[in-house]
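So the structure is just underneath, and the comments pick up after that.
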Amino acid sequence: MKDSILILGAGVMQRPAILAAKKLGLETYVIDGNSNAPCVQDADHFAKIDLKSRDEIAECAKGLLERMNLKAVFTAGTDFSANVAYAAEQCGFVGHSYAAAVNASDKALMRQCFKNARVPCPHFILIEKKYLKNTLTAQVVKGLKFPYVVKPVDNMGARGCRMVRNQDELYAAVDEALKYSRSGRALLEEYLDGPEYSIDALIYDGTFTVTGFADRHIAFEPYFVELGHTMPSGVPYQRYIELVKTFALGAKSLGLSRGAAKADIKWTKNGPVIGEIAARLSGGYMSGWTFPYSSDLNLTEQAIEIALGRRPFALENSRFPLAVKDAPFQIYAYNSTRSSAERAWISIPGRVKEVLHCEEAAKISGVRDIFPRVKEGDRVVFPRNNVEKCGNVIAVAATREQAVKAAEEAVKLITVTLEKGNPETDDFLRMKRAKEDGAFPPEAFQLPKEVDRAFNFELDCESERKIGEFDLISNNVPSSLSGCMDLKDWNHISLSETIEKFDKMSLNHGELNYKKFWLALIRGGIQGALYVSKQ
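What the sequence shown shows, in our numbering, is residues 568 to 1102, in sequence order.
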């Protein structure tokens, strides 16, 4: 009988785990609450089990011990590393303890562990739904020095997470965070300014090996949407060492001892400060795609080896020691030999008509993967978290500049067109915003104040002007925009490229109102321009 592994999750983020397990000769038993999850067909065996159901997962694992010679329980890119640890512990497998995994899953417990061990982390207040009024008293709120960040204690992907810039935004933000918390708890913590990094590591036998270090690219205040990551990082070496050391100290404080760990960490004016640490490999395409592409190491395979109780020899053979003073582990690193860049593309609100040019984008030199997440008929929104993006591109090249350029060129090419007559699209293009969001969502092209005033004045003067149905837009550009042609939107498309793209895609655009068209283009980019055209 072959050895088997129980894998939690059958989503795209779990595909590398399923494939790596098969490569290692394991029978794969995969569970997910969604029987239509995209990777169900990749599994040797599948069962529909809610990943939140700790006891049901443990019973499943114990049942597989004899029936399928189960040797490990595993996940990557899910919220449920604590349930993995619980099931593994019930089966007698070696790995992170259940208590440690809970510490790494519950952000309130995590912050307390960091605080007790004097590991740098944000100052925080725990908010429980049932004690909300007692926690956020008038005196407490009056003493807050904004900005702060509100987040649920037990969710990922930046769901329910946002910056609070003043007292007026506080209560709505807390209510939203509590909606995303399974336990009805949220954190109110100080906002820390500075560049942010994602780090993957494997821990075992007193060693801590960095297996991926990437720059994170976060946008859209007051929300925290990751538009991509790039590795290797451009961080200076001494800063790198201090960030890694802080990660290791944080992992030790949580009790992590054998398995994967992932950190989101910032470099602030006071040095490194940990945002969070998870007891699993990262999601967001890093552990399963960008790091293996840049290093030739199948990181997921090595993490599974550790879960099986084996030594990860492929990792050990090519890692090198780092000189880190007073570290709680022997610190190693496995370096990248190439650069990888992941970039997301996003949409303004509406309903998808078509997703165009993915095949052409995939042919760009250096592009390895295109992952569309939306299709015809899907509702799309301007993202407030990391699960509301429309798709992702991954590129690999010899240099960082080449990888970034390839990924961004691909994103520029892909176009999500929207169905006409949608109230959500109309409201966006009129810039109707929720009161609590302030200036969010932003306009596609952020014109300088002086240019914006001149632009709006020019459009008001030309409010009755029409653009003929066969006229090129490039021949009807407001003079006030002449110095802004290099401005880029959230999908890396410059204003001049947007104009050129519209002229190519809409040779017969129908008669257009000059003012309405240009407002739509500046506010919604190529999507806004196509939406108000009659083609």
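Positions of the beta carbon are idealized from the N, C-alpha and C atoms, including for glycine.
Bear in mind the structure is a predicted one, so any value in this text is a computation, not a measurement.
Quick check on Lys700: buried or exposed, where buried means 16 or more other Cβ atoms within 10 Å of its Cβ? exposed
With a threshold of 8 Å on Cβ separation, who are the neighbours of Ala874 within its own chain once the five nearest residues in sequence on each side are excluded? Ile572, Ala639, Val640, Phe641, Ala655, Phe660, Gly662, Gly826
Label Cys606 either buried or exposed according to how many other C-beta atoms from any shown protein chain fall within 10 Å of its C-beta, with 16 as the threshold for buried. buried
For the stretch 791-809 and the stretch 893-908, state whether three or more C-beta atom pairs, one from each stretch, are separated by less than 8 Å. yes
Under 8 Å between the Cβ atoms of Ala846 and Ala768? no
With a threshold of 16 other CB atoms inside 10 Å of the CB of Phe880, please say whether the residue is buried or exposed. exposed
Extent of the continuous alpha helix (DSSP H) to which Ser648 belongs: 648-657
For the stretch 1013-1028 against the stretch 1042-1055, are there 3 or more C-beta pairs whose distance is under 8 Å? yes
Exposed or buried, what is Gln734 when buried is set at 16 or more other beta-carbons lying within 10 Å of its beta-carbon? exposed
Classification of Arg726 by the beta-carbon crowding that lies within 10 angstroms, buried from 16 upward: buried
What are the partner residues of Asp617, as DSSP defines its beta bridges? According to DSSP, Asp617 bridges with nothing at all.
Assuming the contact rule is C-beta atoms closer than 8 Å, Pro658 and Leu632 should be a hit. Round their C-beta distance to whole Å, please. Reading the sequence as shown, one finds Cys at residue 658 and not Pro. Indeed, because the Cβ distance is near 6 Å, the residues count as touching under 8 Å.
Could you tell me whether the stretch 907-926 touches the stretch 888-897, where touching means 3 or more Cβ pairs closer than 8 Å? no
Beta strand (DSSP E) runs wholly inside the stretch 815-880, at least 3 long, in chain order: 826-835, 838-845
Do Tyr790 and Asn952 count as a contact pair if the criterion is CB distance below 8 Å? yes
Span separating the alpha-carbon of Ile1034 from that of Glu1067: 16 Å
Can you check whether the CB of Leu693 is closer than 8 Å to the CB of Leu637? no
I'd like to know if the stretch 703-715 and the stretch 857-875 are in contact, where contact means that at least 3 CB-CB pairs between them fall below 8 Å. no
Taking the continuous beta strand (DSSP E) assigned at Asn953, which residues delimit it? Here Asn953 belongs to no beta strand (DSSP E), and DSSP marks it neither H nor E.
Do Met635 and Glu594 have their C-beta atoms closer together than 8 Å? yes
Can you tell me which of the three DSSP states Ala643 falls into? strand
Quick check on the burial criterion: 16 or more other C-beta atoms within 10 angstroms. Buried or exposed for Gln581? buried
Check Leu985 in the structure and name its three-state DSSP category. strand
Between Ile585 and Asp570, is the Cβ-Cβ spacing less than 8 Å? no
Taking the alpha-carbon positions, what's the Leu745 to Phe775 distance? 34 Å
Taking all protein chains shown into account, decide if Gln706 is buried (16 or more other Cβ within 10 angstroms of its Cβ) or exposed. exposed
Lys999 - DSSP class collapsed to helix/strand/coil: coil
Look up Gln1013 in the DSSP assignment and say whether it is helix, strand or coil. coil
Can you tell me whether Ser932 is buried or exposed? The criterion is at least 16 other CB atoms within 10 Å of its CB, across all chains shown. exposed
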